[in-house]
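Taking it in order: structure first as structure tokens, then the write-up.
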Amino acid sequence: MTTPTGAVPSPHPRPFLLVQTRPEDDAAAAEVEAVQRLGGYPEGRLRVLRLDRVVQRPDVATHGLDWEAELADVAAVILPGSPFTGSDPEETKSPVQRAVEAELGRMLDVVRRRDLPFLGCCYGVGTLGRHAGGVVDNAYGESAAPVEVTLTDEGAADPLLAGVPRTFAAYVGHKEAMSALPPGAVLLAAGADCPVQMFRLGTRQYATQFHPELDQAGILERLEIYREHGYFAPG
């Protein structure tokens with residue numbers, strides 16, 4: 006069987022790259038499991054890059070990652086949540102956070118130049134939004150909880166959201182959010198307390214403020230891991 010262009014399909018389908026920035030091993034492992042299970046990725050199709058660890062390698066600290074090589078064979082890039090807050094003052098950020106953010110900027114340079122499919126979730130929405138010229142601040146932070154998300158007309162018409170109800174519940178928990186979209190971005194979903202819950206850049210880069218990878222068990226585990234990080238009031 007051949008593709009419509011006549012090219013023979015590869016016997017080795019391209020992987021999806023999950024770029025993680027969680028220093029906590031238990032949180033990182035749970036995130037991989039959740040993305041794998043709820044994303045429905047076949048065995049071997051999800052490649053994981055622990056960027057918080059990679060940036061501490063001497064060669065990367067000196068020369069940076071070769072993102073052209075890292076992304077050469079991937080089908081798409083996924084950037085999920087993080088304990089890092091990008092809008093924090095630079096002087097309060099750890100060396101690892103600053104290195105991670107620098108590498109993510111270089112990664113997105115390649116993603117956007119090559120028009121690679123990209124999905125950013127929570128931390129990923131601000132990372133993509135800021136890179137593209139939007140404004141990220143703490144005006145619309147939300148405590149960890151389920152919230153109601155409503156698709157805009159553009160969201161309801163977007164092929165990625167085909168079959169998604171016009172209004173649905175999703176889990177959130179974030180200190181920062183988009184307060185102004187990047188130029189050219191399309192708002193796909195909004196919430197009562199956070200006006201940017203999902204947007205699209207072009208036709209292949211998407212970002213959500215909510216966590217599409219979390220179910221009830223996942224959010225409870227995440228809350229236990231980050232109970233002292235200020236995402237919700239103890240009690």
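Quick note: the sequence shown uses the numbering used here, first residue 6, plus one each step. Quick reminder that beta carbons are idealized off the backbone N, C-alpha and C, glycines included.
How should residue i be labelled, buried or exposed, when 16 other C-beta atoms within 10 angstroms of its C-beta is the threshold for buried?
i: Leu156; result: buried
i: Asp158; result: exposed
i: Pro85; result: buried
i: Glu218; result: buried
i: Pro147; result: A small correction: the amino acid at residue 147 is Glu; Pro does not occupy that position in the sequence shown. Flag for Glu147 reads buried.
i: Thr67; result: exposed
i: Ala107; result: exposed
i: Thr10; result: The pLDDT assigned to Thr10 is 49, lower than 50, so where the model puts this residue is not dependable, and the model offers no usable value.
i: Gly125; result: buried
i: Gly139; result: buried
May I ask you to report which of helix, strand or coil DSSP gives residue i?
i: Pro85; result: coil
i: Leu156; result: strand
i: Leu113; result: helix
i: Thr26; result: coil
i: Gly129; result: helix
i: Thr67; result: helix
i: Glu147; result: strand
i: Val101; result: helix
i: Gly189; result: coil
I believe residue i touches residue j by the beta-carbon criterion, under 8 angstroms. Please report the beta-carbon distance rounded to the nearest angstrom.
i: Ala185; j: Arg171; result: Not quite, the Cβ-Cβ distance comes to about 25 angstroms (not below 8 angstroms), so this is no contact.
For residue i, I'd like the list of residues in its chain whose CB is within less than 7 angstroms of its CB, leaving aside the five on either flank, ordered along the chain.
i: Gly207; result: Asp120
i: Ser87; result: Thr26, Arg27, Tyr128
i: Gly191; result: The sequence as given places Val at residue 191; Gly does not occur at that position. The residues are Glu159, Phe204, Arg205.
i: Asp163; result: Leu193, Arg205
i: Val105; result: Thr26, Leu56, Asp57, Val60, Phe89
i: Arg243; result: Outside the displayed span of the chain (6 to 240) sits residue 243, for which this structure offers no information.
i: Glu29; result: Ile230
Distance check for residue j and residue i, CA to CA, integer angstroms please.
i: Val24; j: Arg135; result: 17 angstroms
i: Gly110; j: Gly69; result: 11 angstroms
i: Arg42; j: Glu75; result: 24 angstroms
i: Asp220; j: Arg55; result: 23 angstroms
i: Glu38; j: Val82; result: 17 angstroms
i: Tyr211; j: Arg118; result: 15 angstroms
i: Phe215; j: Pro47; result: 24 angstroms
i: Val130; j: Pro187; result: 11 angstroms
i: Leu198; j: Glu96; result: Residue 198 is actually Asp in this sequence, not Leu. C-alpha separation (whole angstroms): 29 angstroms.
i: Ala44; j: Val53; result: In the sequence as displayed, the identity of residue 44 is Gly instead of Ala. The straight-line gap from Cα to Cα measures roughly 14 angstroms.
i: Arg103; j: Gly91; result: 9 angstroms
i: Pro94; j: Ala144; result: 15 angstroms
i: Trp72; j: Met183; result: 26 angstroms
i: Phe123; j: Gly196; result: 22 angstroms
i: Ala247; j: Arg232; result: The chain is shown from 6 up to 240; residue 247 falls before or after that span and cannot be answered.
i: Val115; j: Ala137; result: 13 angstroms
Considering only residues of the same chain and omitting the five flanking positions on each side of residue i, which have a CB-CB separation below 8 angstroms?
i: Ala174; result: Pro151, Val152, Glu153, Val154
i: Gly235; result: Since pLDDT at Gly235 reaches only 48, below the 50 mark, its modelled position is unreliable, and no value is offered.
i: Ala35; result: Gly223, Glu226, Arg227, Ile230
i: Pro100; result: none
i: Arg209; result: Asp120, Leu121, Pro122, Phe123
In its own chain, which residues sit with a C-beta less than 6 angstroms from the C-beta of residue i, not counting the 5 before and 5 after it?
i: Met203; result: Leu193, Ala194, Thr213
i: Arg62; result: none
i: Asp78; result: Arg19
i: Val65; result: Val59
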